[in-house]
Amino acid sequence: MPKTLLVSLQIPNYETILKFMTDTSQLWYSLNKDCGDIPKTPVELSFDSKETTNKFSDDIKALGEYFPQLASLLATNKNEQGLMLEISLKEIFVLCPRGRCRLDRYSKLQEYLNKNYNVTLIIKSQKTKD
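In this text, residue positions in the sequence shown follow our numbering: the first is 3, and each later residue adds one.
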């Protein structure tokens with residue numbers, strides 16, 4: 003082995019190693035300090051209806067103001083009727099803004115209303131043919 007290779011290697015001194023270990027342990031502590039409530043075993047992914055409700059709460063509130071029959075349905079919490087609501091894409095985009103004014107941006111809202119309240123939300127666009 004040539005001497006130049008050994009000279010080019012720099013072995014860190016004790017202080018450098020100690021500083022690195024301290025910095026690393028502080029990093030790990032800061033990353034893990036708020037993780038005490040995380041279970042150590044794998045947790046199955048479950049659907050939380052509260053998260054979805056919160057996700058669509060502003061949309062449902064706006065639609066309830068636009069459609070009084072939806073507001074009364076939500077107030078009485080009766081979903082046996084099967085309410086059908088029709089709105090244009092431009093109108094719903096004003097009430098419930100999304101990144102782009104497209105029908106597919108409202109599909110999850112339509113599914114949520116249908117599944118939880120038995121409400122069919124029909125969104126008409128200029129491209130929709132009857």
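C-beta: ideal position from N, C-alpha, C; glycine also.
Leu123: first and last residue of the uninterrupted alpha helix (DSSP H) it sits in
As a first step, residue 123 is located in the sequence shown; it is residue number 121 there, counting from the start. Counting along the chain, Leu123 sits inside no alpha helix (DSSP H); it lies in the beta strand (DSSP E) bounded by residues 122 to 126.
Bridge partners - Glu88, DSSP secondary structure assignment
For the purposes of this step, residue 88 is identified with residue 86 of the sequence shown, where counting begins at 1. DSSP, once it has assigned bridges, lists Ile124 as partnering Glu88.
Leu97 and Tyr119: beta carbons closer than 8 Å?
Within the sequence shown, the letter at position 95 stands for residue 97. Within the sequence shown, the letter at position 117 stands for residue 119. With respect to Tyr119, Leu97 sits apart: the two C-beta atoms are not nearer than 8 Å.
Ile124 burial status per 10 Å Cβ neighbour count (16 or more: buried):
Counting from 1 along the sequence shown, the entry for residue 124 is found at position 122. Result: exposed.
To the nearest whole angstrom, what separates the beta carbons of Leu65 and Leu72, a pair I think is in contact under 8 Å?
Residue 65 sits at position 63 when you count from the first residue of the sequence shown. Residue 72 sits at position 70 when you count from the first residue of the sequence shown. About 6 Å; that satisfies the 8 Å criterion.
If you draw a straight line from the C-alpha of Asp60 to the C-alpha of Leu91, how long is it?
On the sequence shown, residue 60 is found 58 positions in, with the first residue counted as 1. On the sequence shown, residue 91 is found 89 positions in, with the first residue counted as 1. Rounded to whole angstroms, the separation of the alpha carbons of Leu91 and Asp60 is 17 Å.
Closer than 8 Å, CB to CB, is Thr122 near chain C or not?
In the structure shown, chain C cannot be found, because there is only a single protein chain.
Distance check for Leu105 and Lys63, CA to CA, integer angstroms please.
If you number the sequence shown from 1, residue 63 lands on position 61. If you number the sequence shown from 1, residue 105 lands on position 103. Between the C-alpha atoms of Lys63 and Leu105 there is a straight-line separation of about 20 Å.
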